[in-house]
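**Student:** Dumping the structure here so I can ask a few things about it.
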Amino acid sequence: MNNKILIILFLIPVISFSQSEKIENSKNQLFSEMSIDVCNCLNDETPEMEFHENCLNDKKSEYKKKYEDLLTKESVIGSDSIKEEWKEEFITTILTGSMVYECDKWYNYFKNIKNKTIGEIYKNANPKQLDSLNRLEPEFRNDNFYYDRGALNFASKHYLKAIEDISKHNEINPTNQTYLFLAWVYEASGNLEKSLDAYDQIQSSQDSGMEIELYKSVMKREYAEKELTNQKKALHTTSVKRK
485 MNNKILIILF LIPVISFSQS EKIENSKNQL FSEMSIDVCN CLNDETPEME FHENCLNDKK
545 SEYKKKYEDL LTKESVIGSD SIKEEWKEEF ITTILTGSMV YECDKWYNYF KNIKNKTIGE
605 IYKNANPKQL DSLNRLEPEF RNDNFYYDRG ALNFASKHYL KAIEDISKHN EINPTNQTYL
665 FLAWVYEASG NLEKSLDAYD QIQSSQDSGM EIELYKSVMK REYAEKELTN QKKALHTTSV
725 KRK
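Counting from 485, one number per residue, gives the positions in the sequence shown under this note's numbering.
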């Protein structure tokens, strides 16, 4: 009898884990399904406008019903509060997760916004300004000084100096904007781990918004694609050498 009880107790967490995994797979499948469906509806030039005004609204009710059916069917998930948490997560996950990875139009739109912003920094950079800032006396070096010099160092591709300046700005006056900029500088320098840390600093604040998670996902996809390209190049080079 005691042996039977022990076996049952041992099996409970295994069963729960298996059910949880099944639910997670069902959720991800639904997220992917909606992302592809919405992506097919997007306009190439203005995906954010089309997305909010037409595509998302058209599909939201349909997929909300499917999502609620999933939560009801998998009653193992527990309390109503968990169900509500999942409902709130639903659209956020679509926007910042599966849409980024499965919809090129959505991904490219936000990638282009980032690249355009960085392009403006390069365009407006003046080396003479950097020389002038470097001559400024230490007592006059405030948070604005470190941001301006950090931007100029970034535009000059002096990434380590830019990281140092933006980090000093954040010691004096941390803002979501400068942590986002710091994430981009780390990304440009090839330090993905530190870039993710900077994004996490923003997400820990109460007013970070969904946009930060979206840019973080864009960076992850962009980095993964670069890694894949590099691997293909390495394989091609190895193949040519063997010939």
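Glycine included, every Cβ here is placed at the ideal spot set by N, Cα and C.
All of these numbers come straight from a predicted model, not from anything done at the bench.
Tell me which residues share the same chain as Ile578 and place their Cβ nearer than 7 Å to its Cβ, disregarding the 5 neighbours each side in the sequence.
**Tutor:** The residue labelled residue 578 in the question sits at position 94 within the sequence shown. Hits under 7 Å: Phe515, Met518 and Ser519.
**Student:** Leu666 and Ile696 - do their beta-carbons sit closer together than 8 Å?
**Tutor:** Numbered from its first residue, the sequence shown carries residue 696 at position 212. Numbered from its first residue, the sequence shown carries residue 666 at position 182. No, these two residues do not count as a Cβ contact at 8 Å.
**Student:** Is it a yes or a no for the region 652-666 touching the region 540-552, going by three-plus beta-carbon pairs under 8 Å?
**Tutor:** Segments in contact, no.
**Student:** Do Arg705 and Tyr593 come within 8 Å of each other at the CB atom, strictly closer than that value?
**Tutor:** Looking up residue 593 in the sequence shown gives position 109. Looking up residue 705 in the sequence shown gives position 221. Their beta carbons are not under 8 Å apart, which means Tyr593 does not touch Arg705 by this criterion.
**Student:** Looking only at its chain, what residues have a beta carbon closer than 7 Å to the beta carbon of Lys589, apart from the 5 residues adjacent to it on each side?
**Tutor:** One-based indexing of the sequence shown puts residue 589 at position 105. Cβ within range, chain order: Cys523, Leu526, Asp528 and Pro531.
**Student:** Could I get the ranges of all uninterrupted beta strand (DSSP E) runs contained in the region 579-611, with 3 residues as the minimum, in chain order?
**Tutor:** The qualifying runs do not exist here; there are none.
**Student:** Starting from Arg633, trace the alpha helix (DSSP H) both ways and give me its first and last residue.
**Tutor:** Your numbering for residue 633 matches position 149 in the sequence shown. Element bounds for Arg633: Asp627 to Ala639.
**Student:** Where does Gln513 land, buried or exposed, given buried means 16+ other C-beta within 10 angstroms?
**Tutor:** Residue 513 sits at position 29 when you count from the first residue of the sequence shown. Gln513 should be labelled exposed.
**Student:** Roughly how many angstroms lie between the CA atoms of Glu709 and Gln715, to the nearest whole one?
**Tutor:** Here residue 709 refers to the residue found at position 225 when the sequence shown is read from its first residue. Here residue 715 refers to the residue found at position 231 when the sequence shown is read from its first residue. Cα to Cα, the separation comes out at about 10 Å.
**Student:** Under 8 Å between the Cβ atoms of Val702 and Lys595?
**Tutor:** Your numbering for residue 702 matches position 218 in the sequence shown. Your numbering for residue 595 matches position 111 in the sequence shown. Their beta carbons are under 8 Å apart, which means Val702 touches Lys595 by this criterion.
**Student:** Less than 8 Å separating the beta-carbons of Ala672 and Ala639?
**Tutor:** For the purposes of this step, residue 672 is identified with residue 188 of the sequence shown, where counting begins at 1. For the purposes of this step, residue 639 is identified with residue 155 of the sequence shown, where counting begins at 1. The answer is no: Cβ separation not under 8 Å.
**Student:** Would you say Tyr699 and Lys548 are within 8 Å of each other, going by their C-beta atoms?
**Tutor:** The residue given as residue 699 occupies position 215 in the sequence shown. The residue given as residue 548 occupies position 64 in the sequence shown. In this structure, Lys548 does not lie closer than 8 Å to Tyr699 by Cβ.
**Student:** Apart from the five residues on each side of it in sequence, which residues of its chain come closer than 7 Å, Cβ to Cβ, to Leu676?
**Tutor:** Counting from 1 along the sequence shown, the entry for residue 676 is found at position 192. Answer for Leu676: Tyr707, listed in chain order.
**Student:** Tell me which residue opens and which closes the alpha helix (DSSP H) that Leu644 is part of.
**Tutor:** Position 160 of the sequence shown, counted from the first residue, corresponds to residue 644. Element bounds for Leu644: Tyr643 to Ile656.
**Student:** Thinking just about the alpha-carbon of each residue, which of Thr601, Tyr630 and Gly603 is nearest to the one in Gln613?
**Tutor:** Here residue 613 is taken as the residue at index 129 of the sequence shown, counted from 1. The option with the nearest alpha carbon to Gln613 is Tyr630.
**Student:** Mind checking Ala718: buried by the 16 CB within 10 Å criterion, or exposed?
**Tutor:** Your numbering for residue 718 matches position 234 in the sequence shown. With fewer than 16 other Cβ atoms within 10 Å, it is exposed.
**Student:** Since Asp632 contacts Leu617 with CB under 8 Å, what's their CB separation in whole angstroms?
**Tutor:** Mapped onto the sequence shown, residue 632 falls at position 148. Mapped onto the sequence shown, residue 617 falls at position 133. Indeed they touch by this definition, with Cβ atoms about 6 Å apart.
**Student:** Just to confirm my understanding: we take Glu505, look at its own chain, exclude 5 residues before and 5 after, and list those with CB closer than 6 Å. What are they?
**Tutor:** Numbered from its first residue, the sequence shown carries residue 505 at position 21. There are no such residues.
**Student:** Look at the alpha carbon of Ala682 and the alpha carbon of Thr556, and state the distance between them as a whole number of angstroms.
**Tutor:** Start at 1 with the first residue of the sequence shown, and residue 682 comes out as number 198. Start at 1 with the first residue of the sequence shown, and residue 556 comes out as number 72. Between Ala682 and Thr556, the C-alpha separation is close to 38 Å.
**Student:** Helix, strand or coil for Cys525 per DSSP?
**Tutor:** Here residue 525 refers to the residue found at position 41 of the sequence shown. Of the three classes helix, strand and coil, the one that applies to Cys525 here is coil, per DSSP.
**Student:** How many Å lie between Lys641 and Asp649 at the Cα?
**Tutor:** What you label residue 641 is simply residue 157 of the sequence shown in a count that begins at 1. What you label residue 649 is simply residue 165 of the sequence shown in a count that begins at 1. When rounded, the distance between both Cα atoms is 13 Å.
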